[in-house]
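In our numbering, the protein residues as written are 323 to 618.
Note that CB positions come from ideal geometry on N, CA and C, so glycine has one too.
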Ligand code: GUN
């Protein structure tokens with residue numbers, strides 16, 4: 323079997339077209355959705371993500387502001403800035419790009435964002451709502467993974483999903499979303515991590531394998547069963563002397579080896595990445611609708 327390569331760019335494009343129509347409806351009624359993205363420090367990967375978020379906003383007609391702060395910014399300065407944006411009605415969504423410099427508490431920062439503007443879905447209030455299955459802002463990457471599964475014809479309902487990784491940004495929330503008693507979910511989920519025994523035995527049981535550990539090419543062909551659907555959330559920059567920049571991006575899956583056994587697989591780049599930003603746009607649109615009492 324040679325896998326279908328799931329084109330995240332195409333899926334993202336069709337969702338963005340839907341969002342664009344919604345945004346223009348709101349704008350006709352005098353409502354302009356707004357997103358502020360705050361980045362502290364110079365992390366190169368974060369710089370790229372933040373630029374892409376701004377570009378996506380421009381493309382969809384969402385008003386965006388990017389605040390770039392030096393790595394020397396104090397925690398109090400950042401918290402005060404968040405307070406201002408919490409009060410500013412021009413912005414429906416506030417996103418603080420992670421990771422933050424070590425002297426700033428991520429937990430404190432995420433707690434300070436108004437849960438109603440938390441388009442990242444990282445505030446404990448929204449995390450709690452996600453767990454109990456009530457309406458909330460879902461974290462963008464896990465929600466993007468769910469949408470990608472559904473829209474590529476791989477509904478997780480009744481399937482055994484094995485999640486590799488237990489981060490707060492991907493592993494835990496994706497598991498939580500996919501076990502919900504809901505359309506596009508209803509999966510049986512196993513979460514594996516660095517202390518899991520007999521890992522390959524676990525991953526071989528997956529109908530759907532979601533890799534989110536940040537280890538380049540970690541998932542090998544002998545770790546999956548024939549016909550598996552593989553969603554690769556990893557974004558790892560490795561050295562590649564043949565590339566112009568001297569580096570290239572790879573996922574957590576040994577793509578060429580696993581592709582031969584899989585039913586479907588996402589590439590890196592061009593798989594989950596574009597979906598993450600698309601879900602952020604969707605959350606920003608949703609926040610604008612809520613803030614203006616918009617009824618569909
Ligand atoms: N860093 C890596 N992924 C994310 C994300 O989804 N949101 C934010 N704010 N930071 C990130």
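N- and C-terminal bounds of the alpha helix (DSSP H) containing residue i
i	result
residue 454	446-454
residue 472	462-473
residue 621	A question about residue 621 goes unanswered here, because the residues of the chain that appear run from 323 up to 618.
residue 432	428-434
residue 500	493-500
residue 331	330-350
residue 477	It is not in any alpha helix (DSSP H) - residue 477 carries neither H nor E in the DSSP assignment.
residue 580	577-581
Under 7 Å between C-beta atoms of residue i and residue j
i	j	result
residue 416	residue 486	no
residue 388	residue 345	no
residue 511	residue 531	no
residue 515	residue 473	no
residue 436	residue 448	no
residue 355	residue 610	yes
residue 475	residue 460	no
residue 584	residue 555	no
residue 434	residue 471	no
residue 581	residue 325	yes
residue 597	residue 450	no
residue 397	residue 361	no
residue 384	residue 357	yes
residue 513	residue 538	no
residue 454	residue 498	no
residue 558	residue 541	no
residue 376	residue 594	no
residue 343	residue 588	no
residue 341	residue 604	yes
Residue i classed as buried or exposed, judged by whether at least 16 other C-beta atoms fall within 10 angstroms
i	result
residue 494	buried
residue 445	buried
residue 332	exposed
residue 490	exposed
residue 378	buried
residue 351	exposed
residue 338	buried
residue 336	exposed
residue 504	exposed
residue 458	buried
residue 429	exposed
Between the CA atoms of residue j and residue i - distance to the nearest angstrom
i	j	result
residue 600	residue 575	23 Å
residue 613	residue 365	32 Å
residue 411	residue 592	34 Å
residue 520	residue 546	13 Å
residue 507	residue 477	7 Å
residue 606	residue 523	40 Å
residue 393	residue 367	15 Å
residue 370	residue 463	16 Å
residue 419	residue 529	33 Å
residue 527	residue 484	8 Å
residue 386	residue 566	32 Å
residue 432	residue 404	10 Å
residue 381	residue 578	33 Å
residue 500	residue 468	7 Å
Residue i - containing beta strand (DSSP E), residue span
i	result
residue 418	415-418
residue 386	385-391
residue 441	No beta strand (DSSP E) contains residue 441, which DSSP labels as neither H nor E.
residue 356	356-362
residue 400	Not the beta strand (DSSP E): residue 400 falls in the alpha helix (DSSP H), residues 397-409.
residue 486	482-486
Contact test: residue i Cβ vs the ligand FAD heavy atom, cutoff 6 Å
i	result
residue 468	By its list of ligands, the structure shown excludes the ligand FAD, since it contains just the ligand GUN.
**Message:** To test your reading of the DSSP string, which unbroken alpha helix (DSSP H) runs of 4 or more residues are found completely within the segment 506-574?
**Reply:** 521-525
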